[in-house]
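*Asks:* Residue numbers (UniProt numbering): 1 to 175.
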Amino acid sequence: MLNDALPKYFDPRKYASQELTLEGGVPLKNFKELSAILASDEGNVLIHLNFRVDEDRRYIATGSITAQVQVVCQRCMGPVPHDLAVDLSLAFVYDEDHAKNLPEIYDPVVMTDGEVILADMVEQEIILALPIVAYHEESGCNPTAVKYASSTDDAPDDEKPNPFSILAQLKAKKS
Ligand SMILES: [Zn+2]
């Protein structure tokens, strides 16, 4: 469901006053900073934002960013699938001072010359929403690889799966 309808830049004031919707997909590999911290840059980010002017005349966008990404398991350094679904309530402001005066329900996005670079905004929202550390379920993890991948890894002992807990998980596995 990719399309070319997403603009590179947009003017939130225009979008809000006309109550426009931004909707479309962007390949993950377009986000350089984000790709660098993920295990893979395969896939797409879907963006859906509805713009409006609220009762206090703020320029608002609500909606979501969704994507399936591969984060890095901190135990075996392998990829872990992670479903991202970020709900957004954004308020577009001219500077940091305006941002401080916003109600807490809104995340501020500072406009530059009245415009916002869509990819930068989306990328920052995704990075903020990523799990700080990610691990496989123990049964899906391959921690023996970690000895080679990272010799300085000093995860606490109780983080390491043992054969008995894996057995217990297999026995307890739900259908
Ligand atoms: Zn793992």
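Don't be surprised by glycine CBs; every beta carbon is placed ideally from N, CA and C. Note that the structure is predicted; figures quoted are calculated from it, not measured.
Is the separation between the beta-carbon of R86 and that of P79 shorter than 8 Å?
*Replies:* At residue 86 the sequence reads Val, which differs from the Arg that was named. No, the pair does not count as a contact, with Cβ atoms beyond the cut-off.
*Asks:* Which residue's Cα is closest to the Cα of V12: E33, E42, Y59?
*Replies:* First, the amino acid is wrong: residue 12 is Pro here, not Val. Selected option, being the one with the closest Cα: Y59.
*Asks:* Identify, in the order they occur along the chain, each residue of the same chain with its Cβ nearer than 8 Å to the Cβ of I117, setting aside the five sequence neighbours on each side.
*Replies:* So the qualifying residues of the chain are K8, Y9.
*Asks:* Closest to A16 by CA distance: which of G114, N142, Q124 is it?
*Replies:* Looking at the Cα atoms, G114 is the closest of the given residues.
*Asks:* What three-state label does DSSP hand Y106 in the structure shown?
*Replies:* Of the three classes helix, strand and coil, the one that applies to Y106 here is coil, per DSSP.
*Asks:* Taking a contact to mean a Cβ-Cβ separation below 8 Å, would you say E125 touches L34 in this structure?
*Replies:* Not a contact, by the Cβ cut-off of 8 Å.
*Asks:* What's the C-alpha gap between P143 and V133?
*Replies:* So the alpha carbons of these two residues sit roughly 15 Å apart.
*Asks:* Buried or exposed: Y94, going by 16 or more other Cβ atoms within 10 Å of its Cβ?
*Replies:* Classification of Y94: exposed, given that the 10 Å Cβ count is below 16.
*Asks:* Quick one: what does DSSP say V133 is sitting in, helix, strand or coil?
*Replies:* Correct three-state label for V133: coil.
*Asks:* Can you tell me whether DSSP reads G63 as helix, strand or coil?
*Replies:* If DSSP states are grouped into helix, strand and coil, G63 belongs with the strands.
*Asks:* Report the rounded CA-to-CA distance for residue 180 versus L20, giving the unit in angstroms.
*Replies:* Because the chain in this structure spans residues 1 to 175, residue 180 falls outside the shown range and cannot be described.
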